[in-house]
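Input: a single structure, listed below in C-alpha cells.
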Amino acid sequence: MKEKNILVTGTVRSNSTDKCPLKDEKLCKKEQRGYHDSRRDLNSGICTVRWNDNSVVTLLSSEYGVEPIRTARRYSAAQKQRVNVPQPNVVHQYNRFMGGVDRLDANIGTYRMAIRGKKWYIPLLFWLIDVAVNNATLLARNFSKDIDTLEFRRSIVRTLLQKYGNDKQHPGPSKQVYISTVNKCTYISTKA
C-alpha cells in the first residue's frame, strides 16, 4: 500500500493481528483506561495500535501513528462524571472521519429495539424504524446541540403515546349470565 500511496485507517479484530507482538487483549483490559500499545512495521509503514477504553480496540493505519497523544472526554462510572482519557492520534482521526455507515451502526447499536418476530420482515421493519429515528436525531442535533439520543427517543415515544395512546377503559360492573344446565329431554327410549 505504501508503494501505491494508499492511506487507510480502520479497526481490525484482535485475532487478525497474531503476528504483531502487541500486548494481549486480556492483559490490556487490566490496565487503566487510556492505556495503549503500538507497533509499526517499517517495511509497509503500517501502525498497529491497541487501546483500552470501555473495551479494547485494535486499529491499523498506514496514515496516522500514536503521536500526538490527545485527550478524549469519557464518562467514568466510578467517579460519576466525565474524565479526560489519553487517546492515541490514530483513534482520534478514526473517530473524526468515521463514515456514515460506521456511525449509523454505532448509534443504532446503543439503543437497538430488542423485539423479535417470527416473520422475516419484522427485524427489517424495526431496523428501518431505528434508522429513521437515528436520522431524526442527527437532524435535530443540527438545530440544538444538547440533544441526548435516549432523551430524543423518549420524547418521540411520549409524543406518539399522547397522540395515539388510549387511556385504559375501566369496564363497568359485569353482568352475570346464568345458563341453566337442566335441559328438556326430547327423545325417550322405549326399549324394555
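In this note's numbering, the protein residues as written are -12 to 179. Heads up, the beta-carbon is just placed ideally off N, CA and C, and yes, glycines get one too.
Answer with buried or exposed for Arg25, where buried requires no fewer than 16 other C-beta atoms within 10 angstroms of its C-beta.
Reading the sequence as shown, one finds Ser at residue 25 and not Arg. Answer is buried; the Cβ neighbour count reaches 16.
Given this structure, state the Cα-to-Cα distance separating Val(-5) from Gly152, to the nearest angstrom.
50 Å
Could you name each continuous alpha helix (DSSP H) segment of 4 residues or more that falls completely within the region 79 to 137, going from the start of the chain to the end?
87 to 97 and 108 to 130
Please name the residue in Ser48, Arg141 and Lys150 whose C-alpha comes closest to that of Cys34.
Ser48
Based on Cα-Cα distance, which residue from Asn94, Thr(-2) and Thr97 lies nearest to Val78?
Thr(-2)
Return the first residue and the last residue of the alpha helix (DSSP H) that Leu47 is part of.
From DSSP, Leu47 is part of no alpha helix (DSSP H) but of the beta strand (DSSP E) over Val43 to Ser48.
Out of curiosity, what's the CA-to-CA distance linking Glu54 and Thr4?
Spanning the two alpha carbons is a distance of roughly 21 Å.
The beta strand (DSSP E) spanning Cys34 covers which residue range?
Cys34 to Asn39
State buried or exposed for Asn121, treating a residue as buried only when at least 16 other CB atoms are found within 10 Å of its CB.
It counts as buried.
Find the nearest neighbour of Arg141 within the set Thr124, Pro75, Phe130 and Asn129, judged by alpha-carbon distance.
The option with the nearest alpha carbon to Arg141 is Thr124.
Keeping to the same chain, check which residues put their C-beta closer than 6 Å to that of Arg60; ignore five residues upstream and five downstream.
Closer than 6 Å at Cβ, skipping near neighbours: Arg69.
Return helix, strand or coil for Val70, following the three-state DSSP convention.
strand
From the DSSP secondary-structure annotation, give me the bridge partner or partners of Thr(-4).
Ser48
Note the first and the last residue of the continuous beta strand (DSSP E) segment covering Arg61.
Here the beta strand (DSSP E) through Arg61 covers Arg57 to Ser63.
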